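Residue numbers (this note's numbering): 31 to 203.
We put the beta carbon where it would ideally sit given N, CA and C, even for glycine.
A quick note: this is a predicted structure, and the numbers were derived from the prediction, not measured.
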């Protein structure tokens, strides 16, 4: 037993992998790299994943006889590693990038133009009722006074106008 604070000399010799691991590595390294390159689209990521997968397999190499298909295990470890990286990247992106709705200003112009085109397709009294009620927020009584008609007529015109807009604009109109 060594005393606390005593310097311990660790062995500096490298332990060479067994010949069967070396042969397995030489057989599968290229195939695994190509597969991961196609999956990731990036040579550096593919090379990193290959190294990580072989390192994990090397840690379990003494129990290789209990693994039914070492090649399948190697590929599974590598692909799981890629999935873990992607999940971690998504989590990091969610933390660092605010998730707001990015609106294209041209979309707003298109929506306005579509809305105006649809409103122009209404009968003038339907259009007036919808504009007064829905755009300006008047009640049916106020809109009726402005239009010189009864409140029930304003509501009926607005209902008819909305029905036309729904038919022309689809279910979301």
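Whole angstroms are fine: how far does the CA of residue j sit from the CA of residue i?
i	j	result
residue 103	residue 117	21 Å
residue 58	residue 121	32 Å
residue 69	residue 157	55 Å
residue 106	residue 112	10 Å
residue 37	residue 88	29 Å
residue 181	residue 124	51 Å
residue 288	residue 85	Within the shown structure, residues of the chain are numbered from 31 to 203, placing residue 288 beyond reach of any answer.
residue 49	residue 75	27 Å
residue 189	residue 153	12 Å
residue 97	residue 54	14 Å
May I ask you to report which of helix, strand or coil DSSP gives residue i?
i	result
residue 60	helix
residue 103	helix
residue 133	coil
residue 152	coil
residue 36	coil
residue 67	helix
residue 48	coil
residue 72	coil
residue 94	helix
residue 211	This structure cannot speak to residue 211, because the chain is shown only from 31 to 203.
residue 111	helix
residue 145	helix
residue 169	coil
Measure the beta-carbon distance from residue i to residue j and round it to whole angstroms, keeping in mind my assumption that it falls under 8 Å.
i	j	result
residue 61	residue 67	Not really, about 11 Å apart at Cβ, beyond 8 Å.
residue 191	residue 160	5 Å
residue 83	residue 63	Not a contact, Cβ separation roughly 10 Å.
residue 91	residue 51	5 Å
residue 150	residue 187	16 Å between Cβ atoms; not a contact.
Can you name, in chain order, every residue of its own chain whose Cβ lies under 8 Å from the Cβ of residue i, other than the five neighbours on each side?
i	result
residue 162	168, 172, 173, 176, 177, 184
Within the same chain, show all residues whose beta-carbon is closer than 7 Å to that of residue i, passing over the 5 residues directly before and after it, in chain order.
i	result
residue 101	58
residue 94	100
Can you list, in chain order, the residues of its chain whose CB lies under 6 Å from that of residue i, leaving out five sequence neighbours each side?
i	result
residue 79	66, 108, 111, 112
residue 170	181, 184, 185
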